[in-house]
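Working notes, beginning with the structure itself.
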Amino acid sequence: MKIGVVGLGLAGLRTAMLIERAGLEALLFEARDQAGGRLRAAPENGAPLYEAGGEWIDADHYRMLDLLKEFRLMARPAAAGPGRIAWRGRLMSEADVSDDALADEMAVEALARSLCRELRAPVWENPRAAEFDRRTLASFMRVNARGEQGRFRLTAKYRSDEGDDLDRIGLLGWLAGFQLYADREDGEMCAHRLPVSSRELCSRMLSTLNAAPLFRRLLRGVRQERGGVTLFFSDGAVKVDRVVLTLPPRCLERVWFDPPLKPEQFRAIRACRMGRAVKIVWQFDRPWWREEGWNGSLLSDGPLQHVWDASIGEAPILCAFVCGRDAIGWRRMGDPVGAGLEALTRLCPAAGRSFARGWFHDWISDPFAQGVYSHMQPGYALNHLRFIADPFDRIHFAGEHTAAWSGFMEGALESAERVAQEMISHDYFPQP
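Below, the structure written as structure tokens:
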């Protein structure tokens, strides 16, 4: 049984590992010139400097933690020490946040937990929650957080989590995700980093496989025929028994299918949004933030939004993660690295004195992603979510956008487990 796996990000690599363990043959295809997808370590002289893509692991992302253990790796703890808040031009320690703002955050999250307890699983089995599905997460925060600083902290926290402005996020879809970590304790979000570069992790995953990956294979079309599937790439066609497609939604839209996908599945793919985000990265000649007793984490109501210590090796590096409309603005700048450094220096003068060089990563225009990770717009949970991951005869769909843990590396692995089970389940094979 030959299984085509198209897209060698985390979902595709894990799928290939699992189906080979089950005794099936994998054929691997990737449009980029390397594996990893939206995991992308920026290298220099063979050594990684920072992660331009995914890098964080929450404490309850057990699939990711178990994958690392398979390679005898332990997740690296997040940088210790206090973070900072920049609000209304004032730079303060997280310890100086007002009691009212903390009370707002706890109250809103307690309300979200209460709403989650009333939801049935899966989330689309809640027609009485249609009002929640029409509402945005922004409106929920605005109504239930009383103070401006509390609303700012909640917005900053969940904007980074969702990868876009909260007025584009459906409340019910967000609650479906919040259910997964409603009982977390403080410190579990972004508790860990990858212990090796994402390039090294993907290389180790590839090393376990019998199949040799084929790079620069851009999928154009998929034709299902009696007894198999033909994959049409930019340089030719390949016949397989079944195929797993891990392409992000915007890339799936560009693939033709014969016969066509079911209308409800095509609409689900088209309605699935990808977060608009960029990364601005600065390297310094010394880790001045550590010398100041600061861990590098900064939440800002200004244009930089969210900054953290992105250092992998010895090079001291900070990264700003900017989402939504602000990200669109940064893309239009002639020198986003320089403009970002100016904004950072206004808050932290040592940044300007220590700057060495920088980089800008625009995930919105990346041709093989067109966004950072998926989120659910208003109306998506009840109208589309149930169809996004459905197998279509011999075609199977994986990727974080098809998982409960959508938007996370954990979701990519979750989807791989699901499609691997579909491959080995007799329910999905014609009976003799």
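Each number in our numbering comes from the position in the sequence shown (counting from 1) with 1 added on. Every residue, glycine too, gets a C-beta built ideally from N, C-alpha and C.
Nearest candidate by alpha-carbon position, reference residue i, set the options
i, options, result
"Leu414", "Gln284, Glu226, Asp67", "Asp67"
"Thr156", "Trp309, His402, Asp105, Leu215", "Asp105"
"Arg33", "Arg224, Leu220, Ser416", "Leu220"
"Glu149", "Trp88, Gln371, Arg200", "Trp88"
"Arg333", "Leu319, Ile365, Leu300, Ala131", "Ile365"
"Ser115", "Glu423, Arg347, Ala177, Arg41", "Ala177"
"Trp257", "Phe233, Gln266, Pro249, Thr247", "Phe233"
"Ala437", "Glu254, Gln180, Asp101, Lys70", "Absent from the model: residue 437. The displayed extent of the chain is 2 to 433, so no value can be given."
"Asp101", "Arg154, Gly353, Ala382, Arg129", "Arg154"
"Asp61", "Trp406, Gln422, Ser416", "Trp406"
"Ala98", "Leu40, Pro83, Ala131", "For the record, residue 98 in the displayed sequence is Val; it is not Ala. Of the listed residues, the one whose Cα sits closest to Val98 is Pro83."
"Gln371", "Leu305, Glu254, Tyr51", "Glu254"
"Asp302", "Ala404, His385, Ile86", "Ile86"
"Asn46", "Met2, Gly353, Ser426, Ala316", "Ala316"
"Met132", "Ala53, Leu300, Asn384", "Residue identity check: residue 132 is Glu in the sequence provided, not Met. Ranking Ala53, Leu300, Asn384 by Cα distance to Glu132 puts Asn384 first."
"Ser94", "Gly359, Asp367, Cys349, His376", "Cys349"
C-beta atoms of residue i and residue j nearer than 8 Å
i, j, result
"Val279", "Phe361", "yes"
"Val338", "Trp283", "yes"
"Ile281", "Arg194", "no"
"Arg152", "Arg143", "yes"
"Ala399", "Val420", "yes"
"Ala311", "Cys324", "no"
"Leu25", "Met424", "yes"
"Arg205", "Ala42", "no"
"Gly408", "Glu401", "yes"
"Cys203", "Leu40", "yes"
"Val109", "Leu386", "no"
"Leu50", "Ile318", "yes"
Three-state secondary structure assigned by DSSP to residue i
i, result
"Gln371", "coil"
"Ile396", "strand"
"Asp428", "Unreliable positioning characterises Asp428 in this predicted model, as indicated by a pLDDT of 46, which lies under 50. A coordinate reading is not provided."
"Cys320", "strand"
"Phe133", "helix"
"Asp310", "strand"
"Thr231", "strand"
"Arg445", "This structure leaves residue 445 out entirely; the chain is present only between 2 and 433."
"Trp88", "strand"
"Ser161", "helix"
"Gly58", "It is Ile, not Gly, that sits at residue 58 in the sequence shown. In this structure, Ile58 counts as strand in the three-state DSSP scheme."
"His362", "strand"
"Pro433", "With a pLDDT of 35 at Pro433, under the threshold of 50, the modelled position of that residue is not reliable, and no figure is offered here."
"Trp406", "coil"
"Pro78", "strand"
"Met275", "strand"
"Ala146", "coil"
"Asp105", "helix"
"Val1", "Summary: the structure shown does not reach residue 1, with the chain confined to residues 2 through 433, and so no result is reported for it."
"Val420", "helix"
"Ser298", "coil"
"Gln180", "helix"
"Val98", "coil"
"Lys216", "The residue asked about is misnamed: residue 216 is Phe in this sequence, not Lys. Three-state result, Phe216: coil."
"Ala111", "helix"
"Ile389", "coil"
"Asp166", "coil"
"Leu246", "strand"
"Leu29", "strand"
"Leu50", "strand"
Contact set for residue i: own chain, Cβ-Cβ below 8 Å, skip 5 residues either direction
i, result
"Gln378", "Arg169, Ile170, Gly171, Gly174, Ala272, Arg274"
"Arg434", "Coverage of the chain is limited to positions 2 through 433, which leaves residue 434 absent and any answer about it impossible."
"Ala48", "Gly314"
"Val223", "Val230, Thr231, Leu232, Phe233, Val244, Leu246, Val256, Trp257, Phe258, Asp259, Ile396"
"Ala80", "Asn296, Gly297, Ser298, Trp309, Asp310"
"Ala96", "Pro83"
"Pro128", "Leu383"
"Pro214", "Leu9, Leu29, Phe30, Glu31, Ala36, Leu207"
Nonlocal neighbours in the same chain, by C-beta distance under 6 Å from residue i, ignoring five residues either side
i, result
"Val6", "Gly13, Thr16, Ala17, Ala27, Leu29, Val245"
"Arg243", "Ile4, Arg395"
"Gly38", "Gly10"
"Phe216", "Glu31, Asp34"
"Arg183", "The question names Arg, yet the displayed sequence has Ala at residue 183. The residues are Arg114, Cys117."
"Ser355", "Phe285, Asp286, Arg287, Trp289"
Residue i Cβ short of 7 Å to the ligand ADP heavy atom set
i, result
"Ala311", "The ligand content of the structure shown is nil, which means the ligand ADP is not present either."
Neighbourhood of residue i by C-beta, 7 Å cutoff - its chain only, sequence neighbours within 5 removed
i, result
"Met65", "Ile58, Met410, Glu411, Leu414"
"Gly353", "Leu342, Thr346"
"Ile20", "Ile4, Ala27, Ala421, Met424"
"Tyr429", "Note that Tyr429 scores a pLDDT of 48, beneath 50, so its modelled location is shaky; the value from the coordinates is reported in the next line. So the list reads Pro392, Glu423, once near-sequence residues are dropped."
Original post:
Are there three or more Cβ pairs, one per stretch, closer than 8 Å when the segment 182 to 189 is compared with the segment 281 to 297?
Top reply: Segments in contact, no.
**OP:** Would you check if the segment 263 to 282 and the segment 156 to 168 touch, i.e. whether three or more CB-CB distances between them fall below 8 Å?
**Re:** Contact between the segment 156 to 168 and the segment 263 to 282 is present, because at least three Cβ pairs lie under 8 Å.
**OP:** For the segment 392 to 410 and the segment 249 to 264, state whether three or more C-beta atom pairs, one from each stretch, are separated by less than 8 Å.
**Re:** Contact between the segment 392 to 410 and the segment 249 to 264 is present, because at least three Cβ pairs lie under 8 Å.
Subject >> the segment 342 to 353 contacting the segment 129 to 146, beta-carbon criterion three pairs below 8 Å >> reply: Contact between the segment 342 to 353 and the segment 129 to 146 is absent, with fewer than three C-beta pairs closer than 8 Å.
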